[in-house]
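J.: Here this note's numbering is used: the first residue of the sequence shown is 797, the next is one more, and so on. We put the beta carbon where it would ideally sit given N, CA and C, even for glycine. Structure incoming, see below.
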Amino acid sequence: MSNTQSENEVNKKRFTFHLNTNDFEQATDEEKAMQERMSESTTFLKDGLKRLFKNKLAMLCLTTLILITLTVIFVPMIYPYSYEEQLGVAKGQSTDSSYNNLSPFEYGKTEQERIENGEKVFPHIFGTDAQGRDYAIRVVYGARISLAVGFFAAIIVLIIGVIYGSVSGYAGGKVDLIMMRIVDIIYSLPDTLLIILFSVVLKETVGPIIEGTALAKIGTDMISIFIVFAILYWVSMARLVRGQILSIKQEEYILAAKSIGAKSSHVIKKHLLPNSMSVIIISTALQIPSAIFTESYLSFLGLGVSIPMPSLGSLASDALAG
């Protein structure tokens, strides 16, 4: 009787509660799997790739770029003609002028005779130029040169711009002020004039040294272009990275990292740069077409790759010249 009364008194108390033993049952395998799916962690890279694969237009553009890149890399390896081969020329003397200025899918006189004899001759898909060189392989090789210039320039700009901009933004104060004034001075320098000056100097100093090497095919003009890219073209990247780091370096997680004694290099590498990655990726991607345009423009003016190596700019110049 007394036990029943005590139980009733407990039930009447406002703040008492009863534990349900069913709440402490072990989770089933299905519930565990659902919890794992709900708590699945993702990195910045995984999240970016997931969004990329869902964007059909972006995937179409990426596939097109990959196909173009694979074409300019592998087609010259299997193409029957060379970009510098002059058809109808033997030992430096013209033996058959019918190869000059062929229209697409036309053949020279000797090739027509070979076809009549039952031989298979690979067609000149884009025709030939005034010197009897196959246009198709020169276009492919020119695209390879331009893409290579774009990628290497983007890498140079990425490395210098990210390091300079991150140091400037993280340091702040007078260091940031001085570094940004240096950027302003560099930004005002004329790139075309510098390329011409470097080209003249390198021809006299570096030209004899690289003669007979692989760099001789590129030429001192192209080397001067890369030097100017390294000197001038990283300033925009540095400004963007610096501005991004200035905006996030006062966040709580940055202050927490500093409070536990993290080094400046660790904070920049592990916290600031990963959170600035969107700006860095976009700026690097935009640098590639900018470098291709600059190289093509300079090659159009005769300041790019050395003859007979083709470039998109030199091919456009040859087309205008007739």
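1. Would you mind reading off the limits of the alpha helix (DSSP H) that contains M873?
2. Inspect the beta-carbon positions of S1102 and D1017 and report whether they are closer than 8 Å.
3. Is DSSP giving D972 helix, strand or coil here?
4. Assuming K1054 and L1068 form a contact by the criterion Cβ under 8 Å, report the distance between their Cβ atoms to the nearest whole angstrom.
5. Which one or two residues does DSSP pair with D930 in a beta bridge?
6. If I follow the unbroken alpha helix (DSSP H) through T1090, where does it start and stop?
7. Write down every uninterrupted run of the alpha helix (DSSP H) in the region 1000-1026 whose length is 4 residues or greater and which is fully enclosed by it, in chain order.
8. Excluding sequence positions up to five away, which residues of its chain have a Cβ less than 6 Å from the Cβ of V1075?
9. Note down the Cα distance separating I956 from K905, rounded to an integer number of angstroms.
10. Exposed or buried, S899, counting other C-beta atoms within 10 Å across all chains shown (16 or more means buried)?
11. Beta-carbon within less than 6 Å of K1059's beta-carbon, same chain only, minus the 5 sequence neighbours each way: which residues are those?
12. With the cut-off set at 8 Å, would you say V936 and P872 are in Cβ contact?
13. Using the three-state DSSP reduction, which class does V885 fall into: helix, strand or coil?
14. Using CA coordinates, which residue listed in V963, R940, I1084 is at the minimum distance from L866?
T.: With the given structure in hand:
1. The residue given as residue 873 occupies position 77 in the sequence shown. Looking at the DSSP string, the run of the alpha helix (DSSP H) that includes M873 is 852-874.
2. As a first step, residue 1102 is located in the sequence shown; it is residue number 306 there, counting from the start. As a first step, residue 1017 is located in the sequence shown; it is residue number 221 there, counting from the start. For S1102 and D1017, yes; Cβs fall inside 8 Å.
3. Taking the sequence shown and counting its residues from 1, one reaches residue 972 at position 176. Reduced to three states, the DSSP call for D972 is helix.
4. Along the sequence shown, one-based indexing puts residue 1054 at 258. Along the sequence shown, one-based indexing puts residue 1068 at 272. Distance from K1054 to L1068 at the Cβ level is roughly 11 Å; contact not present, criterion being Cβ atoms closer than 8 Å.
5. Walking along the sequence shown from the start, residue 930 turns up at place 134. DSSP output for D930 lists T924 as bridge partner(s).
6. Locating residue 1090 in the sequence shown gives position 294, counting from the first residue. For T1090, the uninterrupted alpha helix (DSSP H) segment begins and ends at 1073-1096.
7. 1003-1006, 1010-1014
8. Residue numbering aside, residue 1075 sits at position 279 when the sequence shown is read from its first letter. Excluding residues within five positions, the ones whose Cβ falls inside 6 Å are L1036, Q1040.
9. The residue you call residue 956 lines up with position 160 of the sequence shown. The residue you call residue 905 lines up with position 109 of the sequence shown. Distance between the alpha carbons of I956 and K905: 54 Å.
10. Locating residue 899 in the sequence shown gives position 103, counting from the first residue. Result: exposed.
11. Locating residue 1059 in the sequence shown gives position 263, counting from the first residue. Excluding residues within five positions, none has a Cβ falling inside 6 Å.
12. Along the sequence shown, one-based indexing puts residue 936 at 140. Along the sequence shown, one-based indexing puts residue 872 at 76. Yes.
13. Position 89 of the sequence shown, counted from the first residue, corresponds to residue 885. It is a strand residue.
14. Against the sequence shown, residue 866 aligns to sequence position 70. Of the candidates V963, R940, I1084, the one whose C-alpha sits nearest the C-alpha of L866 is R940.
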